[in-house]
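Participant: So that we are looking at the same thing, I have put the structure below in C-alpha cells.
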Amino acid sequence: MFLKGLGHLTRIAPAALALSSLALTSFASTGDDRVLDEFHPANQPSADGTRPEAPKPVYGGRVIVHLSSMPENVNYAIENSAVTRRMLYEVHESLLLQDWTTFEYIPKLAKKFDIEDMLVLQGSVSEEKYPAAVKMRVRDFSAETDDAQKDALILYGVVTDNGDTYTVTPISQGASLRAPVTVPKADVQAHEAGTVTTWYLRDDALWQPYTPEGGEAITDQKFNADDVLFSWNVYFNPKVDCDEKRFQFEKITRGEKVDEHTVRFFFSSQYFQVLSTIGTDMTMLASHVYNLDDPDNPDYNPEATQDERAKFFNEHPANREFVGLGPYRITDYNQQWIQAERFPGYFNQDDAGYFDTIRWRMIDNDNTAYTALVNGELDFFARVKSEDYFGEATAKENFTDLFYKGYFYLGTYGYTGWNMYQPQLKEKVVRQAMAHAFNSEEFLATNYKGLARQITGPVIYDSPAYPHDLEPFSYDPELAAEMLEDAGWYDRNGNDVIDKDGVELEIEFMMPSGNKASEVLGQKMQESFAEIGIKLTLTQYEWATFLERFKARDFDGANLAWVANLESDPEQLWHSKWGEFEARGSNNSGVKEPELDKMIRAIQRETDFSKRQVIWRELHTFIYDLQPYLFGFNVPSKFAMSKRIRGFKTVALDPGYILRDWYFTSLDEPGTRAAR
Numbered sequence: 000m001f002l003k004g005l006g007h008l009t010r011i012a013p014a015a016l017a018l019s020s021l022a023l024t025s026f027a028s029t030g031d032d033r034v035l036d037e038f039h040p041a042n043q044p045s046a047d048g049t050r051p052e053a054p055k056p057v058y059g060g061r062v063i064v065h066l067s068s069m070p071e072n073v074n075y076a077i078e079n080s081a082v083t084r085r086m087l088y089e090v091h092e093s094l095l096l097q098d099w100t101t102f103e104y105i106p107k108l109a110k111k112f113d114i115e116d117m118l119v120l121q122g123s124v125s126e127e128k129y130p131a132a133v134k135m136r137v138r139d140f141s142a143e144t145d146d147a148q149k150d151a152l153i154l155y156g157v158v159t160d161n162g163d164t165y166t167v168t169p170i171s172q173g174a175s176l177r178a179p180v181t182v183p184k185a186d187v188q189a190h191e192a193g194t195v196t197t198w199y200l201r202d203d204a205l206w207q208p209y210t211p212e213g214g215e216a217i218t219d220q221k222f223n224a225d226d227v228l229f230s231w232n233v234y235f236n237p238k239v240d241c242d243e244k245r246f247q248f249e250k251i252t253r254g255e256k257v258d259e260h261t262v263r264f265f266f267s268s269q270y271f272q273v274l275s276t277i278g279t280d281m282t283m284l285a286s287h288v289y290n291l292d293d294p295d296n297p298d299y300n301p302e303a304t305q306d307e308r309a310k311f312f313n314e315h316p317a318n319r320e321f322v323g324l325g326p327y328r329i330t331d332y333n334q335q336w337i338q339a340e341r342f343p344g345y346f347n348q349d350d351a352g353y354f355d356t357i358r359w360r361m362i363d364n365d366n367t368a369y370t371a372l373v374n375g376e377l378d379f380f381a382r383v384k385s386e387d388y389f390g391e392a393t394a395k396e397n398f399t400d401l402f403y404k405g406y407f408y409l410g411t412y413g414y415t416g417w418n419m420y421q422p423q424l425k426e427k428v429v430r431q432a433m434a435h436a437f438n439s440e441e442f443l444a445t446n447y448k449g450l451a452r453q454i455t456g457p458v459i460y461d462s463p464a465y466p467h468d469l470e471p472f473s474y475d476p477e478l479a480a481e482m483l484e485d486a487g488w489y490d491r492n493g494n495d496v497i498d499k500d501g502v503e504l505e506i507e508f509m510m511p512s513g514n515k516a517s518e519v520l521g522q523k524m525q526e527s528f529a530e531i532g533i534k535l536t537l538t539q540y541e542w543a544t545f546l547e548r549f550k551a552r553d554f555d556g557a558n559l560a561w562v563a564n565l566e567s568d569p570e571q572l573w574h575s576k577w578g579e580f581e582a583r584g585s586n587n588s589g590v591k592e593p594e595l596d597k598m599i600r601a602i603q604r605e606t607d608f609s610k611r612q613v614i615w616r617e618l619h620t621f622i623y624d625l626q627p628y629l630f631g632f633n634v635p636s637k638f639a640m641s642k643r644i645r646g647f648k649t650v651a652l653d654p655g656y657i658l659r660d661w662y663f664t665s666l667d668e669p670g671t672r673a674a675r
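For the record, in the sequence shown the residue sitting at position 313 is 312 according to numbering that gives the first Met the number 0, with numbers rising by one throughout.
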C-alpha cells in the first residue's frame, strides 16, 4: 500500500517557552528508552544484558535510501505525500520541531513564541471605548454553519476571569495593548483561549542558494518575517493546488509583521492545533523565490493576476530544486533519484548530520527494490515483504553478510477507500457487508505472522483515544449475503453478480503499480467478495495516474495507507465540506454526515486533552460503523539496513527513524573523513 501523509503533528510546548492560560496537554512522553542499533548484529546484548560500546562515527560519505514512489515535487505546501515530508526533515526546517522521543516542542527557526487569548467584543462596543482593539474576522456564533465568520473588534493578551470582568494582560512584543485593561463581561461576546501567537525568529537562518533560469545564483538571503507571512498567504489563493492543506490555514484570519524577525497570527476561534498549524505544518517558503510582490524576486511582477500567481507557484522549478533552510540541499532530481548534499550555511552545524550526501533512490516495485538492496544499490529499505522477512531470502549469505533486518511501528494504517458517489457503493449496508465478507484474522495470520494489528477506525492504534473495546466486524459471509439481499441486492440474471435497480455490484480495486502488498490484499478481497456475489476487478496504475484518478473521484475502491501522526485535525478527511464532489482535499470517499461534522468541530475547539479524547472515540466508532473505508491493519515497517551504518534508532514519529543520526564507522568508505 502506498503511504500518503496525513494531517500534521501535534506538538507539546516545553516549559522553557512562554505560554498563556491555554492548556497544552498532549500525549505522555515515552522517554528516550529505545535502544540505539537495537537490531544490529554487532550490538546484541551479552548474557548479563549489556551491549558493546558503539563505534565512533566518521563524517562524510553517501547513504542511499529507498524511495517507493517519486513525488511530483518536494514543496509540501502542494505535495501531501509522506515521502516529501520525510525528505524535508533533512533539507528544510520548520519554526518548531516535535522532539522524536519526548514529543516536546523544540525551537528551530523560531527562538520562542508567545500564546495569548482574545476577547471578542460585542458588536455594539465602539472603537473609542477600546482604542487598542483590533478588527479581524472571527467565528460567527449566530450563523448556522460552524465555520461562518464575521468582522469584529478583539482584544488580546493573557485573559484572567474575575467574575463580572476580564483582565487582559499583554505579554507579546509589539502588542496593541501597552498595559493591562479590565473589560466588563457585558462588553464581551466570546473568550477564545490561545488564539493569538507571536513568533520570534532566529536571525542567522540562511536560505539555500537559488539560481533562476538564465540568471546568477542568489545567496546569503536571510529567513525573516516576510517569508513567514508569504508562506501563510499562499493558502488564500484558491487556484494554488493545496486543497489538502488549505482548511487548516483558513482558520488564521489575520497575520502581521511586528518587525523583521517577529510575526503574529490570529485564529478566528479556539483551536486545539494552534501551535502545530504554524509551528510545524506551515511549510516555510522563500519570498524571494515565490512571491511576485517581492522586489528581490527575479520574476518580480506586482501586477500579476491571481491566476498568474497560482500558475507561477504551482509550476515553479523550485518545487523540485527546492530552496530550503536545512542542513542538506537538493542538487539532483531525476526519474531515478533525488539527491541532497550538505549545505555549509546551515545555522546549526552540531545537528547537521554525518553524511555529505543523501540519495533517495526511487524503485516502485518492491521485488526489484529488494534485489537492488542485496546488489549493493541501496543502504536502507523499509518495505521488506513478510515472505522475505520471515523466509529464506533474509537468511541467505548474500543478505546476512552485508545487511541486517528489524521492524518498528508507526501510526500507519492501511485501508481500501470506497467512492461513496458510485451507485453500487453509496449504501452503508453494502460497505458493511463487504467488511463481514473479508476474513481479516486469517489474512493477518497468513501474511503478517501476528505482527500486524487489526484497525477499527481512523484513530491510531497506540493513541489513548483508540477504543480497544470496539470489536471488528465479524467474519460472517452468510450474514453479509443476507444483509445485501434484504437491501435488494441479489442476482437477477444468473451471472453470479448481484444487482439492484439495474446496477451490478462490480468494483474496480485500484492500486499503485508494483505494490505487492496491495496485490495480495486485492486477490484475497476478490476471492472473498465473489462468495457473496460481488465482482472485484484488480487494476494497477502508475502513481501519477493513480493519484489523479483518486483526487478526481474517478475510482470505485482504492488501496492506500495513511501515515497518521499522534493527533491530526479530522476535518481534512471527514468533514462534509471536503466531501463535495468538486473538492480536491483528502475526503476522497465523499463522506458527508452532519453528525460527524459536529464531532469534528467539537474536537477542534476542545483544548482539554482528556475531554478531546472522549470525542475522538465517538468519532472513531461512528466512522467504523459508516465504513467509508475497509479498514486494514497497523503493519510494522520491516526494514533491511547495511551493517556499515550505525546510529539507527526507532522512534514513535514518522518516519520511525532519524536519518540525520546515522553514520559510517570506517574511513574506508568513499568520501569519509575523521572530522566534520
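Where a beta carbon is used, it is the ideal one built from N, C-alpha and C, also for glycine. If you're wondering where the values come from, they're calculated on a predicted model, not measured in any experiment.
Mapping DSSP to helix, strand and coil, what is residue 687?
Facilitator: Residue 687 lies beyond the range of the chain shown here (0 to 675); nothing can be said about it.
Participant: Under three-state DSSP, which class holds residue 485?
Facilitator: Residue numbering aside, residue 485 sits at position 486 when the sequence shown is read from its first letter. Helix, per DSSP.
Participant: Give the straight-line distance between the Cα atoms of residue 511 and residue 71, rounded to the nearest whole angstrom.
Facilitator: In the sequence shown, residue 511 corresponds to position 512, counting from 1. In the sequence shown, residue 71 corresponds to position 72, counting from 1. If I take the Cα positions, the gap works out to 15 angstroms.
Participant: Counting only runs that start and end within the region 69-121, where is the alpha helix (DSSP H) found for 4 or more residues in a row?
Facilitator: DSSP runs (the alpha helix (DSSP H)) wholly in the region 69-121: 81-90.
Participant: With a CB to CB cut of under 6 angstroms and the five nearest residues on each side skipped, what residues in its chain are close to residue 652?
Facilitator: If you number the sequence shown from 1, residue 652 lands on position 653. 99, listed in sequence order.
Participant: Three-state secondary structure (DSSP) at residue 172?
Facilitator: For the purposes of this step, residue 172 is taken as the residue at position 173 of the sequence shown. If DSSP states are grouped into helix, strand and coil, residue 172 belongs with coil.
Participant: Within this structure, are the beta carbons of residue 253 and residue 73 separated by less than 8 angstroms?
Facilitator: If you number the sequence shown from 1, residue 253 lands on position 254. If you number the sequence shown from 1, residue 73 lands on position 74. Not in contact: residue 253 and residue 73 (Cβ atoms no closer than 8 angstroms).
Participant: Which whole-angstrom value is the C-beta distance of residue 588 and residue 628, which I expect to be below 8 angstroms?
Facilitator: Taking the sequence shown and counting its residues from 1, the one referred to as residue 588 is at position 589. Taking the sequence shown and counting its residues from 1, the one referred to as residue 628 is at position 629. Right, the Cβ-Cβ distance comes to about 7 angstroms (below 8 angstroms), so this counts as a contact.
Participant: Roughly how many angstroms separate the alpha carbons of residue 12 and residue 193, rounded to a whole number?
Facilitator: To locate residue 12, count along the sequence shown from 1; it is residue 13. To locate residue 193, count along the sequence shown from 1; it is residue 194. Summary for residue 12: the model assigns pLDDT 21, below 50, so the residue's position carries little reliability; its value from the coordinates is reported in the next sentence. Their backbone Cα atoms lie some 13 angstroms apart in a straight line.
Participant: Suppose only complete runs of 4+ residues qualify. What are the alpha helix (DSSP H) ranges in the region 354-433, listed by chain order?
Facilitator: Segments of the alpha helix (DSSP H) lying fully in the region 354-433: 365-373, 385-388 and 396-399.
Participant: Classify residue 323 as helix, strand or coil using the three-state DSSP reduction.
Facilitator: Against the sequence shown, residue 323 aligns to sequence position 324. Three-state result, residue 323: coil.
Participant: Jot down the residue ranges of each uninterrupted beta strand (DSSP E) in the region 215-268, minimum 3 residues, whole runs only, in chain order.
Facilitator: 251-258 and 261-266, all fully within the region 215-268.
Participant: Report back the beta-carbon spacing between residue 459 and residue 601 to the nearest angstrom; my notes put them in contact at under 8 angstroms.
Facilitator: The count along the sequence shown starts at 1 and reaches residue 459 at position 460. The count along the sequence shown starts at 1 and reaches residue 601 at position 602. That pair is no contact at about 19 angstroms.
Participant: Which same chain residues end up closer than 6 angstroms to residue 225 when comparing Cβ atoms and leaving out the 5 residues on each side of it in sequence?
Facilitator: Numbered from its first residue, the sequence shown carries residue 225 at position 226. Taken in chain order, the residues that qualify are 286.
Participant: Alpha carbons only, please: which of 433, 205, 431 and 555 is nearest the one belonging to residue 416?
Facilitator: The residue labelled residue 416 in the question sits at position 417 within the sequence shown. The option with the nearest alpha carbon to residue 416 is 555.
Participant: Using only CA atoms, which one of 67, 421 and 558 lies nearest to residue 522?
Facilitator: Walking along the sequence shown from the start, residue 522 turns up at place 523. Minimum Cα distance to residue 522 is reached at 558.
Participant: Taking the C-alpha atoms as reference points, what is the distance between residue 50 and residue 44?
Facilitator: Translated into the one-based positions of the sequence shown, residue 50 becomes position 51. Translated into the one-based positions of the sequence shown, residue 44 becomes position 45. Straight-line Cα distance between these residues: approximately 4 angstroms.
Participant: Measuring straight from C-alpha to C-alpha, what distance separates residue 528 and residue 535?
Facilitator: Your numbering for residue 528 matches position 529 in the sequence shown. Your numbering for residue 535 matches position 536 in the sequence shown. Rounded to the nearest angstrom, the two C-alpha atoms are 7 angstroms apart.
Participant: According to DSSP, simplified to helix, strand and coil, what is residue 151?
Facilitator: If you number the sequence shown from 1, residue 151 lands on position 152. Looking at residue 151 - three-state DSSP - the assignment turns out to be strand.
Participant: Return the chain-ordered list of same chain residues with a C-beta closer than 7 angstroms to the C-beta of residue 617, the five sequence neighbours on each side being excluded.
Facilitator: Looking up residue 617 in the sequence shown gives position 618. These residues qualify, in order along the chain: 598.
Participant: What first and last residue would you give for the alpha helix (DSSP H) that runs through residue 542?
Facilitator: Taking the sequence shown and counting its residues from 1, one reaches residue 542 at position 543. Segment 542-550, the alpha helix (DSSP H) holding residue 542.
Participant: Leaving out the 5 sequence neighbours to the left and right, which residues in its chain are closer than 6 angstroms to residue 513 when beta-carbon positions are compared?
Facilitator: Taking the sequence shown and counting its residues from 1, one reaches residue 513 at position 514. Cβ neighbours of residue 513 beyond the five flanking positions: 363 and 364.
Participant: In terms of DSSP beta bridges, what is residue 539 paired with?
Facilitator: As a working note, residue 539 is residue 540 in the sequence shown. 510, per the DSSP bridge assignment.
Participant: Hey, which unbroken runs of the beta strand (DSSP E) at 3 residues or more fall wholly within the region 278-334?
Facilitator: Here the runs fully enclosed are 327-332.
Participant: Going by DSSP, name the residue or residues bridged to residue 640.
Facilitator: Here residue 640 is taken as the residue at index 641 of the sequence shown, counted from 1. Per DSSP, 379 and 403.
Participant: Identify whether residue 476 lies in helix, strand or coil by the three-state DSSP scheme.
Facilitator: For the purposes of this step, residue 476 is taken as the residue at position 477 of the sequence shown. It is helical.
Participant: Would you kindly check if the distance between the Cβ of residue 317 and the Cβ of residue 273 is under 8 angstroms?
Facilitator: For the purposes of this step, residue 273 is taken as residue 274 along the sequence shown, with counting starting at 1. For the purposes of this step, residue 317 is taken as residue 318 along the sequence shown, with counting starting at 1. No. Outside cutoff.
Participant: Could you check what DSSP says for residue 436 in three-state terms: helix, strand or coil?
Facilitator: One-based indexing of the sequence shown puts residue 436 at position 437. It is helical.
Participant: Which residue or residues does DSSP assign as beta-bridge partners of residue 503?
Facilitator: Walking along the sequence shown from the start, residue 503 turns up at place 504. Its beta-bridge partners are 498.
Participant: Run the CB neighbour count on residue 675, radius 10 Å, all protein chains shown included, and call it buried at 16 or more, exposed below.
Facilitator: For the purposes of this step, residue 675 is identified with residue 676 of the sequence shown, where counting begins at 1. Classification of residue 675: exposed, given that the 10 Å Cβ count is below 16.
Participant: Looking only at DSSP bridge pairs, what is residue 662 linked to?
Facilitator: Taking the sequence shown and counting its residues from 1, the one referred to as residue 662 is at position 663. Paired residues: 645.
Participant: Alpha carbons only, please: which of 435, 443 and 391 is nearest the one belonging to residue 413?
Facilitator: Counting from 1 along the sequence shown, the entry for residue 413 is found at position 414. Ranking 435, 443 and 391 by Cα distance to residue 413 puts 443 first.
Participant: Which one of 266, 245 and 339 has the shortest CA to CA distance from residue 255?
Facilitator: Position 256 of the sequence shown, counted from the start, is the residue given in the question as residue 255. Among 266, 245 and 339, the Cα nearest to that of residue 255 is on 266.
Participant: With a CB to CB cut of under 7 angstroms and the five nearest residues on each side skipped, what residues in its chain are close to residue 495?
Facilitator: Along the sequence shown, one-based indexing puts residue 495 at 496. Cβ within range, chain order: 532.
Participant: Please state whether the Cβ-Cβ distance between residue 375 and residue 619 is less than 8 angstroms.
Facilitator: For the purposes of this step, residue 375 is taken as residue 376 along the sequence shown, with counting starting at 1. For the purposes of this step, residue 619 is taken as residue 620 along the sequence shown, with counting starting at 1. Taking 8 angstroms as the Cβ cut-off, residue 375 and residue 619 do not qualify as a contacting pair.
Participant: Cutting at 6 angstroms between CB atoms, please list the residues of its own chain near residue 303, excluding the five before and the five after it.
Facilitator: Here the question's residue 303 lines up with position 304 in the sequence shown. Here the set comprises 291.
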